[in-house]
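Peer 1:
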Amino acid sequence: MLTGSQDTTLIVIRGNSGSGKSTVARAVREAFGRRGMAVISQDVVRRDILRELDRPGGVNIGLLDVMCRHALDAGYHVILEGILAGSRYGEMLQSLCGDHRGRTLCYYLDVSWEETLRRHETRPQRARFGPDEMRQWYVKKDVLPDVHETVIDESSELDKIVQLILQDARLLTTTPQEGLPSRPGAGRTDAMGKQRSQPVVDESIAIVAPAHDVWQAIVNAEIRAGWWSYLDLDATAGGRFEERWTTDDGREVRTGGQVIELVTDHLLVLSWADEHWPASTRVEIQLTEIGGSTMVRLLHMGWEPLPDGAALAAEHRAGWLMHLVNLRRYVEDSAVF
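So in the working numbering, spot 41 of the sequence shown is number 536, and the numbers just go up one at a time.
1) Within 10 angstroms of the Cβ of Leu653, are there 16 or more other Cβ atoms? Answer buried if so, exposed if not.
2) Where does Pro802 land, buried or exposed, given buried means 16+ other C-beta within 10 angstroms?
3) Given Arg812, which residues of its chain have a CB within under 7 Å of its CB, disregarding the five upstream and five downstream residues?
4) Ends of the alpha helix (DSSP H) at Leu793?
5) Please classify Met496 as buried or exposed, where buried requires at least 16 other C-beta atoms within 10 Å of its C-beta.
6) Within a Cβ cutoff of 6 Å, which residues of the same chain sit near Val573, ignoring the five residues on either side of it in sequence?
7) Of the choices Gly513, Glu525, Arg524 and Phe527, whose alpha-carbon is the least far from that of Asp538?
8) I need the DSSP call for Gly688, collapsed to helix, strand or coil.
9) Output the distance between the C-alpha atoms of Pro626 and Val606, rounded to the nearest integer angstrom.
10) Would a C-beta distance cut-off of 7 Å place Ile656 and Val519 closer than the cut-off?
11) Under the DSSP definition of a beta bridge, which residues are partnered with Gln781?
12) From which residue to which residue does the beta strand (DSSP E) around Ile702 run?
13) I'd like the list of long-range same chain contacts for Glu747, defined as Cβ closer than 8 Å, with 5 residues on each side in sequence excluded.
14) Measure the alpha-carbon distance for Tyr584 versus Asp543 and round it to whole angstroms.
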């Protein structure tokens, strides 16, 4: 049964005991900074509410599912966090994620056994259970096979993980947070000093690969041909690019521009215009490596001088989302890397 709406976000954070799931979930909600986000913890439901052993077919599995769906249907964003072992919770998670109408994001905190023990020594829970019990629970890289999960390794800092999740979820507050770039075009004022909204395409996606690999998939022509074959790009300062494509009604379109700025493995800035546009827009592709994954943020701005700029921005948002998904699929599945 479908659940939630196009406006709700479901975030699933999984990992072994001591990997930092609860800490990350609380930090994300705190950074979100307002009401409307529910944090549902496996430990609270299973251990505190039901006082149930973690076993196949446990009552807590269905209750977690019901709680998430109820909150999503009520309009809440939901963070579900816990060990949520794939052997017992995988079927429920696959169904929940598949039924959600809105944005669904899954993260796996990948922490080694040695680091798990080290962290456990700093936790209040060390008085309740020790290494012997934890060894029984520990499953190495328990990534779900049928749900796309972003794997975050143990070297990742908390603030970077929170940044990754909020950007991917598009739940950043309107006030720029420390360490996050402010969104160009936002917060401008008119002649009367009133705030006015500017159309900006701002999309992000997490790719389970180093930033260098993602960068090469964008700037290397041979690699890029595997996911964006009709784009010609000279990835040098001042280099030109051209994209030729055909609309659904058979009209041929040529888009072109040049490289304004590039920082290897981090940033590509382009001027961007269809051949009939009276002015160019600006595209920024930002790469931020967090642990073993890369956050790709796409900004397309400068629509104000164009007739129907807001409508054009909306059309391009759909196109950029397609390109980002194709990029992720190619990088994560390709044997090139």
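All residues carry an ideal CB built from backbone N, CA and C; glycine is no exception. Just so we're clear, the structure is a prediction, and the values are computed from it rather than from any experiment.
Peer 2: Let's see:
1) exposed
2) exposed
3) Val696 and Glu698
4) Careful: Leu793 lies outside any alpha helix (DSSP H), inside the beta strand (DSSP E) at Ser788 to Met796.
5) exposed
6) Leu505, Ala533, Cys563, Ala566 and Leu567
7) Gly513
8) With a pLDDT of 40 at Gly688, under the threshold of 50, the predicted position of this residue should be treated as unreliable, though the coordinate-derived value follows. Three-state result, Gly688: coil.
9) 15 Å
10) yes
11) Leu762 and Arg792
12) Val696 to Ile702
13) Arg739, Trp740 and Thr741
14) 18 Å
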